[in-house]
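Counting from 311, one number per residue, gives the positions in the sequence shown under the numbering used here.
In this text, a Cβ means the ideal position worked out from N, Cα and C, and glycines have one as well.
What follows is a set of notes on a single structure, which appears directly below.
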Amino acid sequence: MTATLAATVPSVVPEHERRLPRTESYAALVARLSRQSVTKHFDAYADVDWDAADAGIDHADPRWELPPDRPFGATAWYRALPQPTRAKLGLHLLATQVKIGIEFERVLKQGLLEFASTLPHDAPEFRYAYHEVIEETQHSLMFRELLMRIGLEVPGLGWLDRVGARRVARLGRKFPELFFLFVLGGEEPIDYAQRETLTSGREVHPLFARVMRIHVTEEARHICFAREYLRHRVPLLSSQKRLSLAVQAPFLLNEMARQMMHPSPHVVRTYGIPRAVVAEAFTRNAAQRAFVMASLSKVRELCVELGLVTPWTRPVWGRLGIDAAAT
Ligand SMILES: [Fe+2]
Ligand SMILES: [Fe+2]
């Protein structure tokens, strides 16, 4: 049985993400999230009407155009493009993010299975991890279907990133605390961007809106688990492992945000976007930086709470431009 989905965006802190302080143990919270996976879950095909009358995707649809209040949409270069190209480029950027979503979720599923392989079958996290693997599989099926219907070329990860992805997946077994930080580094910025789109008041294509609403609803559960797992586990780590986590955290989060927020080289090449325009819109743009910072704010605050931002590592956060104190 799948859940019904309200037409509205889930509230900023969904019900199942709220933890009652001091009244709910970590084990009880994990068990509750697992129960939520049974009563509130979605199927990529049963819960999305892919062939609805308004589900068709037209590359020139103005709803794909980037709005003028967003860094890239505001550039004179983009605004001077013919309307069909503006729309197609906006759709191509979306398609790239969808493809990255599939790649990210593959690593996530591999890492979750590695994580579960270290646990006894009666551990509450074992059951939860399997629920999350199932949900991510449904998400990837949705994303794949969306890509098929968009029909634009979107290459996957390059070989270097594929090697890195395999290493990250192994962390699920070898260093799960770092793995779940990676999970948050991917899920929090995507979640932030999707919520922003759904609440922006801009007209969103109904198929895309439906997929985003389903994703945002289930991701709230995944984010909740990763955060509570880290709160539970990090204080138990050896000082050596905590140091390792503290040193790797800013690099990991910076890289994740960069991958998710910047245009792919393929899109840059395909549309001949000048280097100066990429710099103007993405790398040297205060509004874009503020957006990235906001998308990372919750995970950055969690790192502070966990004692992973120390006087020794704070300069690294500042140097990478992801320290709240530096903005
Ligand atoms: Fe997902
Ligand atoms: Fe997720």
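Between the Cα of residue i and the Cα atoms of the options, which residue gives the shortest distance?
i	options	result
Thr-395	Val-417, Asp-368, Ile-410 and Glu-415	Asp-368
Asp-364	Asp-471, Val-514 and Leu-491	Val-514
Ala-616	His-542, Ala-591 and Ala-586	According to the sequence as given, residue 616 is Leu; it is not Ala. Closest option to Leu-616, Cα to Cα, is His-542.
Pro-434	Gln-569, Thr-623 and Ser-335	Ser-335
Tyr-438	Met-452, Leu-339 and Val-358	Leu-339
Leu-462	Ala-426, Leu-401, Glu-565 and Arg-579	Leu-401
Phe-646	Arg-380, Trp-360 and Ala-341	The chain is shown only over 311 to 637; residue 646 falls outside these bounds and no answer can be derived.
Leu-563	Arg-476, Thr-385, Asp-353 and Val-609	Val-609
Asp-371	Gly-628, Thr-385 and Lys-398	Lys-398
Leu-457	Ala-405, Ser-427, Val-478 and Gly-466	Ala-405
Glu-528	Lys-551, Ile-500, Ser-548 and Gln-550	Ile-500
Gln-550	Gly-495, Leu-618, Ala-586 and Phe-535	Leu-618
Thr-349	Gln-393, Arg-389, Phe-414 and His-441	His-441
Thr-623	Ile-460, Ala-556 and Glu-415	Ala-556
Ser-554	Phe-485, Arg-537 and Thr-447	Phe-485
Arg-537	Ser-510, Val-614 and Ala-600	Val-614
Phe-297	Glu-424, His-351 and Ala-567	It is not possible to answer for residue 297, since the shown part of the chain is limited to 311 through 637.
Ser-344	Gln-504, Leu-517, Ala-530 and Thr-507	Ala-530
Ala-362	Phe-518, Arg-568 and Asn-595	Phe-518
Gly-366	Ser-347, Arg-459 and Glu-497	Arg-459
Gly-474	His-449, Gly-421 and Ile-583	Gly-421
Leu-606	Asp-633, Pro-584 and Ala-597	Asp-633
Gly-628	Pro-560, Gln-407 and Glu-415	Pro-560
Pro-545	Val-358, Arg-505, Ala-354 and Glu-487	Glu-487
Arg-594	Arg-579, Ala-604, Tyr-581 and Gly-631	Gly-631
Trp-387	Pro-430, Phe-492 and Val-578	Val-578
Phe-352	Leu-467, Ala-337, Glu-446 and Glu-375	Glu-446
Asp-359	Pro-465, Pro-516 and Arg-477	Pro-516
Arg-585	Ala-479, Thr-385, Gln-569 and Ser-427	Thr-385
Val-282	Val-464, Glu-498, Leu-508 and Pro-625	Beyond the ends of the chain as shown, which are 311 and 637, falls residue 282; an answer cannot be given.
Gln-448	Ala-354, His-576, Ser-427 and His-431	Ala-354
Gly-466	Gln-504, Phe-414, Leu-491 and Ile-444	Phe-414
Any idea what DSSP makes of residue i, helix, strand or coil?
i	result
Gly-631	coil
Lys-419	helix
Lys-484	helix
Asn-564	helix
Glu-325	With a pLDDT of only 49 at Glu-325, under 50, the local geometry of the prediction cannot be trusted, and no value is derived from it.
Pro-625	helix
Val-619	coil
Phe-453	helix
Ile-412	helix
Ser-427	helix
Glu-611	helix
Gly-496	helix
Pro-320	Low per-residue confidence applies at Pro-320: pLDDT is 46, beneath 50, and the placement is therefore not dependable, though the value from the model is reported in the following sentence. Coil.
Ala-396	According to the sequence displayed, residue 396 carries Arg and not Ala. In the structure shown, Arg-396 sits in a helix (DSSP, three-state: H, G or I).
Gly-461	coil
Leu-512	Here residue 512 turns out to be Arg, not Leu, going by the sequence shown. Three-state result, Arg-512: coil.
Arg-594	coil
Thr-447	helix
Gly-474	helix
Asp-501	helix
Pro-434	helix
Ser-549	helix
Ser-605	helix
His-441	helix
Met-311	Legend: pLDDT at Met-311 = 44, less than 50; position of this residue unreliable, value from coordinates given subsequently. Residue state, collapsed to three classes: coil.
Leu-555	helix
Pro-584	coil
Pro-575	helix
Leu-467	coil
Got a sec: is the Cβ-Cβ distance from residue i to anything in chain C below 8 angstroms?
i	result
Ile-444	You won't find chain C in this structure, because it holds only one protein chain.
Listed by chain order, which residues have C-beta atoms less than 6 angstroms from any heavy atom of ligand 2? This selection yields Glu-446, Glu-497, Glu-529 and His-532.
Unbroken alpha helix (DSSP H) runs of length 4 or more, entirely within the segment 516-546: which are they? 516-543
Output the residue ranges of the alpha helix (DSSP H) runs that lie fully inside the segment 329-402 and measure 4 residues or longer, sorted by chain position. 336-349 and 386-389
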